[in-house]
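Per this note's numbering, residue 1388 is the first one in the sequence shown, and the count goes up by one each step. As structure tokens, the structure follows; a few thoughts come after it.
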Amino acid sequence: MSCGEPHEIDCRKVLDAVFLYLDNECDGSQQNLIRAHLDECSPCLREFGVEQEVKLLVARKCGGERAPDSLRVSLMARLRAVRAEARTDAGAPEIHAE
């Protein structure tokens, strides 16, 4: 998506990072860039609003529920396997955290 106007940061990059922004997982400079972009780009601001509403809806409907420990263990094991596979495919050495 692009609004056709020149911005310091591309619309697609802003929208790709919107959940990181909503979760406060961006560093200060990234947050400032995204906020400035949203302040000047109404199409991205509308999309941001939709994403924010989805996040709030999920939090309301799923908040407080905890996944079973067995699911967490299974997901973490799968993530480690996928990361190891990606590193192996890329030729990077494997790093194991205990």
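C-beta: ideal position from N, C-alpha, C; glycine also. Computed from a prediction, not measured in an experiment: that's the story for all the values here.
Given residue i as reference, the closest of the options once Cα atoms are compared
i       : options                            : result
Val1437 : Glu1472, Phe1406, Ala1471, Glu1392 : Phe1406
Asn1419 : Val1445, Ile1396, Ser1429, Cys1431 : Ile1396
Cys1428 : Leu1466, Glu1392, Arg1467, Arg1470 : Glu1392
Pro1430 : Ala1468, Cys1398, Thr1475, Arg1467 : Cys1398
Leu1402 : Phe1435, Ala1423, Gln1417          : Phe1435
Residue i (DSSP reduced to helix, strand or coil)
i       : result
Glu1438 : helix
Asn1411 : coil
Ala1404 : coil
Arg1472 : The sequence shown places Glu at residue 1472, not Arg. In the structure shown, Glu1472 sits in a helix (DSSP, three-state: H, G or I).
Residue i versus residue j - alpha carbon distance
i       : j       : result
Met1463 : Glu1472 : 14 Å
Leu1425 : Cys1413 : 15 Å
Val1461 : Ala1454 : The amino acid at residue 1461 is misidentified as Val; the sequence shows Ser. Looking at the two C-alpha atoms, the distance is approximately 11 Å.
Arg1467 : Cys1449 : 26 Å
Val1445 : His1394 : 31 Å
Lys1400 : Thr1475 : 28 Å
Quick check on the DSSP output: what are the complete alpha helix (DSSP H) runs of length 4 or more inside the region 1422-1466, in order along the chain?
1429-1449
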